[in-house]
Amino acid sequence: MHARSALFLLLTSFQWTKAVVATQESANSSILRRQTEQLSPCVTQCFLDIFPEFNCPDLQQCICYNKELQAALGTCVLSSGCSIADALVSQRVQAETCGFPVRDRSDTFRITQSVLFPLATLTVCLRMLSRSPMSGGAGFGWDDWVVLLCVLPMTGLIVTSYMEVDSGLGQDIYRLSIPMIKHCLMYFYIGNTFYSPVIFGTKISFCLLYLRIWRDAGLAFRRACQVTAVVLGMALISFEFSTIFICTPPSYAWNALTGAKGHCIQRDAQLFTNSAFNIAADFVVLLLPIPKFLHLTMSRGKKAGVLVTFLVGFAVTAVSITQLVYLVRNVGKISNPTWDYFPIGLWRCTEVYLSMICCCLPMLPGIWQRTCKVVVSRTPTLVSTLWEKTTSLSTSGGRSRIRSTQSDGSGLGHARAEDDGDEEDVKGDGLRYKGSVDALELGMLSGGTGESEATDTAKKYRLSSKGKLMPLMDHPEHRLHPQGSQASIRPLRSDEGAPLHAEELGKVI
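Under mature numbering (1 follows the signal peptide of the UniProt record, and there is no 0), residues -22 to -1, 1 to 487 are what the sequence shown spells out, in order.
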């Protein structure tokens, strides 16, 4: 009985194992059939040659997660002369078979560009406005013209950046068509040519700014600024030349996918040299004026402005360092250019915009101070408040009369005019007063906070024969004068000095 049960279990296990193997072979056959239908003959042959070398009971697991199998297939595809298009198709089939997610980082790029580019453009415009003689500036210097020239490549960079993203930058290369990949690589190449002019141009502008500010500085400091500017100019020319002619012909940078003839120089060395020199130049330009700033006596506001400028400058340096670290770790093993180049493009655009902002920050306090002065001088606070207060206090009746009243607990008398006739305006040197106002209100409106200031202000006005408040200018017959706690009217004596004119009143306000 036990022997029969054991035999039955053995036969059942054998049948179950056979069914599982048959099912697995059927699944593998289905995957193989699907792969061979979509792949080119070149890639299919590599797959059939490489697959038997690996023990893959589950073919899908091997295709998706076996790194050794994937590397062997890639080597076979390249050595067999398969085209780039065939290799991309095989990667796309693998992603679909394994259910890899669709990756897209283009929104991050667009948001960064949409924020930093307008901000950089605004700071440049404010700098030009601050320096313009039309707005009270000192006029344009060489440093301003260099910044203005940097706007051209910065604008070119934003245009090519959006074209890169629209062509597939930030997505996996195997999900793009060959024309899209070519356009993406072409715009990325063009965008790189706009990088060096802005990065090194802003540093040259800083050196010229130092020479303009410290005209009487020692010979050593001025020579250091001049030598730094010359070295930066030479670096700009050399790096721009190496970027343009990194491939021969230049179109090989984006046509290599289609089997075009050409070659490129060692890109790793060019990228490392450019980034390392850029970081060193950042530190030199930022540290050059430190000894001069230490000997300056500045207000807290100016110190804060200088601090912000240096913080933005060090932020630019931090971006450069981050980019260099990424290049060191990844540039030698890039196999997915439209995805792997995305951080490089993002950091470079960020560095360009922050460099422009940092370069223009020192000029912004000038336009801010002049704007505040203009706003204050053109805002007639005293006059507008007088008009609002006195209009509500105007009365009609018989002839004009003056009466004294006590303020609400202040102890200072108020002089009030009441007109019995028709209401009319009194003009004086462009200033208009209407109705009545008391002496204490005059003091408060002109910025005073106490009774003494109120009475000082009250001495500068008089009441007309019709009871109107007028500035004490060309009619010296009466003057508002406080006596103790009461305000009264008396003639102006010749020994009390000249009356207050309109322009002097503006200065008080």
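Quick reminder that beta carbons are idealized off the backbone N, C-alpha and C, glycines included. These numbers were taken from a predicted model, which means no experiment stands behind them.
Query: Checking the sheet assignment: what are the DSSP bridge partners for Cys225?; Result: Cys242
Query: Can you give me the C-alpha to C-alpha distance between Cys242 and Trp120, rounded to a whole angstrom?; Result: 37 Å
Query: Per DSSP, what are the beta-bridge partners of Asp82 in this structure?; Result: Gln149
Query: For the alpha helix (DSSP H) containing Asn170, name the first residue and the last one.; Result: Ile156 to Thr171
Query: Can you grab the Cα-Cα spacing for the pair Val353 / Ile345, in whole Å?; Result: 12 Å
Query: How about the stretch 207 to 220 and the stretch 28 to 40: do they share at least three Cβ pairs that are nearer than 8 Å?; Result: no
Query: Can you list, in chain order, the residues of its chain with a C-beta nearer than 7 Å to that of Val330? Leave out the 5 residues immediately preceding and following it.; Result: Met132, Leu135, Tyr173, Val176 and Ile177
Query: Assign Arg105 to one of two classes, buried (16 or more other C-beta atoms within 10 Å of its C-beta) or exposed (fewer than that).; Result: buried
Query: With C-beta atoms as the reference, is Val55 less than 8 Å away from Ala65?; Result: yes
Query: How close, in whole Å, do the beta carbons of Cys338 and Gly291 come, if the pair is a contact with beta carbons under 8 Å?; Result: Their Cβ separation, rounded to whole angstroms, is 12 Å, which puts Cys338 and Gly291 out of contact at 8 Å.
Query: Taking just the CA atoms, how far does Gln23 sit from Val137?; Result: 44 Å
Query: Taking Ser333 as the reference, which of Phe288, Ile312 and Tyr304 has the closest Cα?; Result: Phe288
Query: At the level of alpha carbons, what is the spacing between Val67 and Thr316?; Result: 16 Å
Query: Report the rounded CA-to-CA distance for Gln91 versus Asn252, giving the unit in angstroms.; Result: 23 Å
Query: Give the DSSP-derived three-state secondary structure of Ser4 in the structure shown.; Result: Summary for Ser4: the model assigns pLDDT 46, below 50, so the residue's position carries little reliability; its value from the coordinates is reported in the next sentence. The answer is helix: DSSP assigns Ser4 an H, G or I state.
Query: Alpha carbon to alpha carbon, how far is Met112 from Phe306? Give it in angstroms, no decimals.; Result: Checking the sequence shown, residue 306 turns out to be Val, not Phe. About 49 Å.
Query: To which residues of the same chain is Ser108 closer than 6 Å at the C-beta, ignoring the five residues directly before and after it?; Result: Gly115, Met341, Gly344 and Ile345
Query: Grab me the residues of Thr328's own chain with a C-beta within less than 7 Å of its C-beta, minus the 5 sequence neighbours each way, in chain order.; Result: Thr90, Leu94 and Val297
Query: Would you please state the rounded distance, in angstroms, between the beta carbons of Ser84 and Val143? I believe it to be under 8 Å.; Result: 5 Å
Query: Distance, Cα to Cα, Asp122 vs Phe184?; Result: 10 Å
Query: Please list the terminal residues of the continuous alpha helix (DSSP H) segment that includes Asp194.; Result: Careful: Asp194 lies outside any alpha helix (DSSP H) and carries neither H nor E.
Query: Taking the alpha carbon of Ala98 as the reference point, which residue from Val71, Val80, Leu126 and Met164 has its own alpha carbon closest?; Result: Leu126
Query: Please look up how many angstroms separate the CB atoms of Gln149 and Arg70, rounded, as I've assumed it's under 8 Å.; Result: About 12 Å; that fails the 8 Å criterion.
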